[in-house]
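So the structure is just underneath, and the comments pick up after that.
Chains as they are written, first to last, in the numbering used here: chain A, 1 to 460; chain B, 1 to 460.
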């Protein structure tokens, strides 16, 4: 990474002129705040630009190329991999104030939004028109749609509905050169030219700053119902997951949590079966009311058949809400309980999950770490929350992580299903991608951003 | 496009050495055959290589870089836009013999296949295991999965299930440099690095030769049912389409055909209502038997409410098969009926379709052409089959097409939803994409293929 020029008073004036001085933040406290995400790495930017228009971004990026300072775009800082950390200082470009829902077109079943809108705000706005925006990262009430797009965010509903990428039809983005382009379409289909849309979406803010998004919406499912199944251990629970899917059920969530996680959020979990369960599955299905009733009942039978100790059908809304609260709260509890906390989110082919989780205890012993696992069993995406009692054991724990990730890849899996690479997983990239693949990706970065001014130091 | 070197006897020997002489075809008749697709452009290659392994392709592409001859990959030649035509001669690389289904993993719900396998053969093989590969281009019994991937093929089922891109989890591809890479994953999710998978898929064979594909499968729907609705004209039919979708129905096909098309395939259509109908909708829905019964009935009511003259519910399997035969046959009949035939496949936002089709008669008069329209009403993808009685009117007809495509873009649509750009739509590319977008795409082509040896002359 070539050296950047610190932002001088003269450059600062030019930035203020380009974006308006009311959009520039220099207060120390704010700089520290904007230099963090939800992971453990932080770096203070030299200044923050709170943008409200794509024209400001165009001017800012042109200046960055001239004066050679880095620009790091940031949604709402809920990432876990350091993707929005300004690791070389420079300008932190906050998208938080570009937060308008521009339009919801009921007849075209699309919404056009700015990147700073909360995921949940979009869900609620389109819901009022009978429409549904499915992607639901755990951070849905705190993360922005622009951040969701930059990382191709997932969530529990992916097992039925797919990830963020599947709901972005088109974008407007400012390229590192300061030039704005449209990519993708406003329609359900489109095959005109190379897929720049899906290249920029998921690029963790390194190929362009997304300034507008056209989202695909679908009819809102009329009803949803829930089931909780308790199992003695993970192997039988995972057997139930694959059986449910292979018998043709398509639930809109199949979440699991291991015993260690259960213990940590037991106060939130509203069922006494949690005292003895080794793990549980939280299964939901949505659609027509009478169909989903029957569907969930059949899935309940499958769970019992695969070794569930008990199943609870259609718990009341209070209990359902508490289950989800526990599910969303668990990673925070883990993080707060251990001095060393490293969140990984591997994905395995469905049929390999049981084998993989069976190897975890041995790995914990070998590397002196404690692994809390929970996540999206239905698409093989397991959040491995790796912890240790002592930050000094970091090196040993990282060796353990490397061992685990290699095992994941050997079993046909991938090292990240949701969090992305950012800063924290860069060292593991060559475990999964070949030198030639990385070389091509770096060349793509090079043509988008020859001066390396946009979000440098990420992914590679 | 820089000049290529004709293939000399010496180069031919090197090619034979690289791929094995049994894989090289030089017969004039065969060269002519391989120089065609399903559109009207053809160009004879200097020779054909029928490959059976990725190693042959690696060696061939390395030779192409050294001796500067173009290589044009070809699936089974069912494209309509000239994407597989060897317009600069050189080597036509036929993928037809790389046609093994390598594995179907029931528990992981994936299939791994070579690019030359027929779409229909995959559908039938996975069906035997209770699984479903949804994408269904009209050419499904004659087109290869590699060609489907290169063009991101669509089909009637896209309205519910999405396009080919949504079912390719990972690929192996030989880059123009002769180096092989893997892109994508074997799992339901993956966010590691830039999305080279979706860059190569849909690139019409210009960025890499796909040699292996990992396909996502889903449970096979237990049943499907059909409905035919007859309307006096297109506007009320399109109103029914948007109403069906907005009321929460997700059919697995909503096809339409205008009066001109109906007249052309009337002998195949098994209903007397066809005599007087201005247009019809062929709607299908799949899922649980009792649900789809109710679902199709509700959609029938919507059609009547929107002005349908009559609806026929659940016709017997013979009639259903004939409806689909007519639907798949219609473009061939149009092509055979007119000296000038130009297939376009625009996509409009759903709510704009009725307005758009209303403008067609005026356009026909103004430009002296006859437009046959049919297609995938449910995702706004209309096949406009543009014809004229005289090939000499081509220039005027092309002006008419340009006028129509501009109108499509103005209404928020895109100029191609399925066929791609290939050779035939290159001149229209700047109508839709900005100069900056095209520039970036050409730069991407440049880093993948600096000597421009892979499928030159396409898209740009």
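Backbone N, C-alpha and C fix where the C-beta goes; we use that ideal spot for every residue, glycine too.
- Within chain B, 437 have C-beta atoms less than 8 Å from the C-beta of residue 183 (chain A), given in sequence order.
- Under the 8 Å criterion on CB atoms, residue 78 (chain B) is classed as non-interfacial with respect to chain A.
- Judged by DSSP in its simplified three-state form, residue 62 (chain B) adopts helix.
- In this structure, the straight-line span from the alpha carbon of residue 273 (chain B) to that of residue 376 (chain B) is close to 21 Å.
- Here the region 277-296 of chain A does not lie against the region 205-212 of chain A, with fewer than 3 beta-carbon pairs under 8 Å apart.
- Proximity of residue 440 (chain B) to chain A, defined by a Cβ-Cβ separation below 8 Å, is satisfied.
- Within the region 345-365 of chain B, the residues whose Cβ lies closer than 8 Å to any Cβ of chain A are, in chain order, 347, 348, 349, 350, 351 and 352.
- For residue 154 (chain B), no alpha helix (DSSP H) segment is defined, and its DSSP state is neither H nor E.
- DSSP places residue 219 (chain B) in the strand class (E or B) of the three-state scheme.
- Per the Cβ contact rule, the region 285-296 of chain B is not in contact with the region 344-355 of chain B (fewer than 3 Cβ pairs under 8 Å).
- In this chain, residue 302 (chain B) is not harboured by any beta strand (DSSP E); it is covered by the alpha helix (DSSP H) spanning 289-305.
- Where residue 242 (chain A) is concerned, the enclosing alpha helix (DSSP H) starts and stops at 234-246.
- One Cα belongs to residue 116 (chain A), the other to residue 169 (chain A), and the distance between them is close to 18 Å.
- At a cut-off of 8 Å between beta carbons, residue 190 (chain B) contacts chain A.
- With contacts defined by Cβ atoms closer than 8 Å, residue 451 (chain A) and residue 188 (chain A) do not form a contacting pair.
- Inter-segment contact for the region 153-173 of chain A and the region 245-252 of chain A is present: three or more beta-carbon pairs are separated by less than 8 Å.
- In the structure shown, the three-state DSSP call for residue 310 (chain A) is strand.
- Contact annotation: in the region 371-391 of chain B, residues whose CB is within less than 7 Å of a CB in chain A are 379, 380 and 381.
- Taken through DSSP and simplified to helix, strand or coil, residue 384 (chain A) comes out as strand.
- In the assembly as shown, residue 32 (chain B) is an exposed residue. Its beta-carbon has fewer than 16 other beta-carbons within 10 Å.
- When the five nearest sequence neighbours on each side are left out, the beta carbons in the same chain lying within less than 7 Å of the beta carbon of residue 401 (chain A) are those of 342, 344 and 386, in order along the chain.
- With fewer than 16 other Cβ atoms from the protein chains shown falling within 10 Å of its own Cβ, residue 9 (chain A) counts as exposed.
- Within chain B, the residues whose beta carbon sits less than 9 Å from that of residue 166 (chain A) are 162 and 166, listed in sequence order.
- With contacts defined as CB atoms closer than 8 Å, residue 129 (chain A) and residue 167 (chain A) fail to qualify as a contacting pair.
- Note that the C-beta distance between residue 195 (chain B) and residue 202 (chain A) is below 8 Å.
- Each residue's CA atom was taken as its position, placing residue 54 (chain A) and residue 443 (chain A) some 26 Å apart.
- Of the residues assessed, residue 359 (chain A) falls on the exposed side of the cut-off, its CB having fewer than 16 other CB atoms within 10 angstroms.
- Judged by their CB atoms, residue 164 (chain A) and residue 186 (chain A) are not nearer to each other than the 8 Å cut-off.
- Distances from the CA of residue 263 (chain B) to each of B:224, B:106, B:327 and B:388 were compared; the closest alpha carbon is that of B:327.
- In the DSSP annotation of this structure, the continuous segment of the beta strand (DSSP E) that includes residue 373 (chain B) starts and ends at 370-376.
- The shortest C-alpha to C-alpha distance from residue 49 (chain B) to any of B:62, B:298, B:39 and B:74 is the one to B:74.
- Distances from the alpha-carbon of residue 218 (chain B) to those of B:155, B:298 and B:131 put B:131 closest.
- Bounds of the beta strand (DSSP E) holding residue 48 (chain B) are 47-50.
- In the pairwise beta carbon analysis, the region 60-67 of chain B is classified as not touching the region 111-127 of chain B: fewer than three pairs are separated by under 8 Å.
- Identification of chain B residues near residue 246 (chain A) by a Cβ-Cβ cut-off of 8 Å yields 106, 107, 109, 130 and 219, ordered along the chain.
- Comparing alpha-carbon positions, the option among A:397, A:414, A:42 and A:137 lying closest to residue 367 (chain A) turns out to be A:397.
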